[in-house]
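>
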Amino acid sequence: MIDSYIWVEVKTTNKERFFLKCQEIQVFIYDVVYENQKIKVKILEKDLKKLKKIWFIKIKKIQNLGWNALKEKVHTYHIYLISLLIGLVFLYILSHIILSVEVIHSNQDIRFLVTNALNEKGIRKNTWKKDYQEIEKIKQEILDMYPDDLEWLEIETKGMKYIVRVEERKLEEEKNEPGACNVVAMKDGIVKEMIYSSGEAVYKRNDSVKKGDILISGTIKKDEETKKTVCATGSVYAEVWYEVRVSIPLTYEIQEKTGKVRWNIKAKNNGFNDFLFKSRLKNYEEDASSLFTLFGTEFLFVKQYETTVKEVTMDENEALEKALKEVDEKISLTLEEKEEIIAKKVLKKEVNNSTMNVEVFVSVLEQIGERQEFVTQE
Amino acid sequence: MHIYKTIKNFLLDQEYFIDLWQENIHIYGFKKIDVLQENRAVFVLEKFSLEILGKDFRVLKLTNKEILLQGSLKEMRIL
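Just so you know, the sequences run in chain order E and X. Numbering of the first sequence is given in numbering that gives the first Met the number 0, commencing with residue 0 and proceeding in unit increments. Numbering of the second sequence is given in numbering that gives the first Met the number 0, commencing with residue 0 and proceeding in unit increments.
#1: Would the beta-carbon of Ala-237 of chain E fall within 8 Å of that of Gly-188 of chain E?
#2: What are the boundary residues of the alpha helix (DSSP H) that Tyr-283 of chain E is part of?
#3: Could you check what DSSP says for Ile-137 of chain E in three-state terms: helix, strand or coil?
#4: On the CB-based measure, 16 or more other CB atoms within 10 Å of its CB, does Leu-290 of chain E come out buried or exposed?
#5: Exposed or buried, Gly-258 of chain E, counting other C-beta atoms within 10 Å across all chains shown (16 or more means buried)?
#6: Could you check the C-alpha separation between Glu-22 of chain X and Gln-25 of chain E for me, to the nearest Å?
#7: Between which two residues does the alpha helix (DSSP H) containing Cys-180 of chain E stretch?
#8: For Ile-66 of chain X, I'd like the list of residues in its chain whose CB is within less than 6 Å of its CB, leaving aside the five on either flank, ordered along the chain.
#9: Between Thr-232 of chain E and the rest of its own chain, which residues show a CB-CB distance below 6 Å, the 5 nearest in sequence each way excluded?
#10: Going along the chain, which residues of the stretch 5–39 of chain E sit with their C-beta nearer than 7 Å to a C-beta in chain X?
#11: Here's a check: name, in chain order, each residue in its chain whose Cβ is nearer than 6 Å to the Cβ of Asp-18 of chain X, leaving out the five neighbours to either side.
#12: What does the Cβ neighbour count give for Met-75 of chain X, buried or exposed, with the cut at 16 atoms within 10 Å?
#13: Anyone know if the C-beta pair for Gly-193 of chain E and Leu-249 of chain E falls short of 8 Å?
#14: In terms of residues, what are the limits of the beta strand (DSSP E) holding Gln-36 of chain E?
#15: Among the candidates E:Glu-336, E:Val-73, E:Ala-318, whose CA atom is the shortest distance from the CA of Glu-349 of chain E?
#16: Considering just the uninterrupted stretch of the beta strand (DSSP E) at Arg-57 of chain X, what are its terminal residues?
#17: In this structure, how does DSSP classify Met-75 of chain X when only helix, strand and coil are distinguished?
#18: May I ask you to report which of helix, strand or coil DSSP gives Val-26 of chain E?
#19: Taking 6 Å as the limit between beta carbons, can you name the residues of its chain near Phe-300 of chain E, skipping five residues before and five after?
#20: Please list the residues of the stretch 46–69 of chain X that have a C-beta atom closer than 7 Å to any C-beta atom in chain E, keeping them in chain order.
#21: Here's the rule: buried if 16 or more other CB atoms are within 10 angstroms of the residue's CB, otherwise exposed. What is Met-355 of chain E?
#22: Indicate whether the contact test is met: 3 or more Cβ pairs, each with one atom in the stretch 97–115 of chain E and one in the stretch 132–139 of chain E, closer than 8 Å.
#23: What is the DSSP secondary structure of Phe-112 of chain X, counted as helix, strand or coil?
#24: With the cut-off set at 8 Å, would you say Val-183 of chain E and Asp-212 of chain E are in Cβ contact?
#25: Is the stretch 56–70 of chain X in contact with the stretch 16–25 of chain E, if contact means three or more CB pairs nearer than 8 Å?
#26: Drop a sphere of 10 angstroms on the beta-carbon of Glu-365 of chain E, count the other beta-carbons inside from all chains shown, and report buried for 16 or more, exposed for fewer.
#27: What would DSSP say about Ser-216 of chain E, mapped onto helix, strand or coil?
#28: Which two residues bound the contiguous beta strand (DSSP E) that contains Arg-261 of chain E?
#29: For Ile-38 of chain E, tell me which candidate among E:Lys-226, E:Thr-11, E:Lys-48 has the shortest Cα-Cα distance.
#30: Between Leu-35 of chain X and chain E, is there a C-beta pair that is closer than 8 Å?
#31: Within 10 angstroms of its Cβ, does Ala-342 of chain E collect 16 or more other Cβ (buried), or is it exposed?
#32: For Glu-255 of chain E and Thr-306 of chain E, what's the separation of their Cα atoms in angstroms?
#33: Can you tell me which of E:Asp-286, E:Asn-269, E:Arg-261 puts its alpha carbon nearest to the alpha carbon of Arg-378 of chain E?
#34: Could you check the C-alpha separation between Ile-81 of chain E and Thr-75 of chain E for me, to the nearest Å?
#35: With 16 other CB atoms within 10 Å as the buried threshold, where does Gly-178 of chain E fall?
#36: Going along chain E in order, which residues have a C-beta closer than 7 Å to the C-beta of Ile-2 of chain X?
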């Protein structure tokens, strides 16, 4: 049993008599502080009973020391200490637990493969975090499991999430270069530009070609004699034509903001989307920004702008402009690099029951060459 | 010096010793305190009694056979 000390206040008119008495009854004094009418003495707690029996003094316990003092403090602040302990335990758990695993790769099959492998190795959500050595070991094991599919794998720990980045192994296919081929026209048109690296050009700029015509020949001739056959390679840009029909309604509806704004909080989890507070606007446009994510649910701050539907009527010129714009968009979707619309001309325009039908003739610069193999006659 | 004396006493187990330094008087090995006043104190040891005379004696520490007094010492006598 550890002895504990206490400070005691002693009021007496005869201090010397008190000390003599202490010596007589075997009460040890470890420290003394003298004040005006009283003294403070440091004694063992077990000696307090003996002191209380001395009739000519008045004593009062003023402070615990050592273990008792500590026990007293713990008892006084036990709620704070327990809260602190719970907080520390909670912090420890949260900092060592994984709530989600994200595999980053464009190929769904690879993502599926890696996710299953990680699950097998114990890397999945709601599990304890693994240390560096374990993760390195798991990475190597997964790469060894799929040597033909995976080139590289990296597992990064970010907060309560594992982010897994994967690089797929792509085996190079043996390129079988065809022996002999021509570049033929896919469409009718007028040749505007020819860029070729092998073969012989059959047509030149501003020549008219039809679908199926050989534009770049793989047969190299000299003096009407076939000298060599190659696989013709190149691009042929020609002016081609399209007739595009569009219908534009003369009356349409637009959403206009009224100026009223309301705020809300949205919770998003996989397919589930819901507002925390009831929406006070019937028709609105929303602008959301992410606040935080907790246990897989994303919380967003949403600004809702009230809108009204307004009916707008266009005149013929506006409708025609809109039609031409639509034609541009339609054609542009099919165009690739270096291809462009050269000219547009309205062929026909008619208005029926508040709809305008427009027929537009479009000239487009397009790549029309396509490689076609042929068999050489030996 | 005090540490040295304490260690020496611990190892050699002296019957009594008396130390004086600055305004402190340390007496170890008494059996009883006969007199304890502000100007005079008498300690009964095994083979003799020790009387100390001075001014403003104050007890700083006290056990069954050891005492530390603070005060101004004028005279010390063995009775």
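For every residue, glycine included, the Cβ atom is placed at its ideal position computed from N, Cα and C.
Looking at the coordinates:
#1: yes
#2: Premise fails: Tyr-283 of chain E lies in the beta strand (DSSP E), 283–293, not in any alpha helix (DSSP H).
#3: helix
#4: Around the CB of Leu-290 of chain E, fewer than 16 other CB atoms lie within 10 Å, so the residue is classed as exposed.
#5: exposed
#6: 26 Å
#7: No alpha helix (DSSP H) holds Cys-180 of chain E; the beta strand (DSSP E) holding it covers 180–184.
#8: The residues are Ile-26.
#9: Ser-196, Ser-197
#10: Glu-15, Phe-18, Leu-19, Cys-21, Gln-22, Gln-25, Phe-27, Ile-28, Tyr-29, Asp-30, Val-31, Tyr-33
#11: His-25
#12: exposed
#13: It is worth fixing the name first, because residue 193 of chain E is Met in this sequence and not Gly. No, Cβ-Cβ distance for Met-193 of chain E and Leu-249 of chain E is not below 8 Å.
#14: First-last for Gln-36 of chain E: undefined, no H or E at that position.
#15: E:Ala-318
#16: 48–61
#17: Three-state result, Met-75 of chain X: strand.
#18: Looking at Val-26 of chain E - three-state DSSP - the assignment turns out to be coil, as it is neither helix nor strand.
#19: Closer than 6 Å at Cβ, skipping near neighbours: Ser-288, Leu-290.
#20: Sequence-ordered contacts of the stretch 46–69 of chain X with chain E read Arg-57, Val-58, Leu-59, Lys-60, Leu-61, Thr-62, Asn-63 [C-beta pairs closer than 7 Å].
#21: That one is buried.
#22: Cβ pair count under 8 Å is below three, so no.
#23: Only positions 0 to 78 of chain X appear in this structure, which leaves residue 112 of chain X out of reach.
#24: yes
#25: yes
#26: buried
#27: strand
#28: 250–268
#29: E:Thr-11
#30: yes
#31: exposed
#32: 5 Å
#33: This structure does not reach residue 378 of chain E, given that chain E is present from 0 up to 377, and the question cannot be answered.
#34: One C-alpha to the other measures close to 12 Å.
#35: exposed
#36: Simply none; closest approach about 18 Å.
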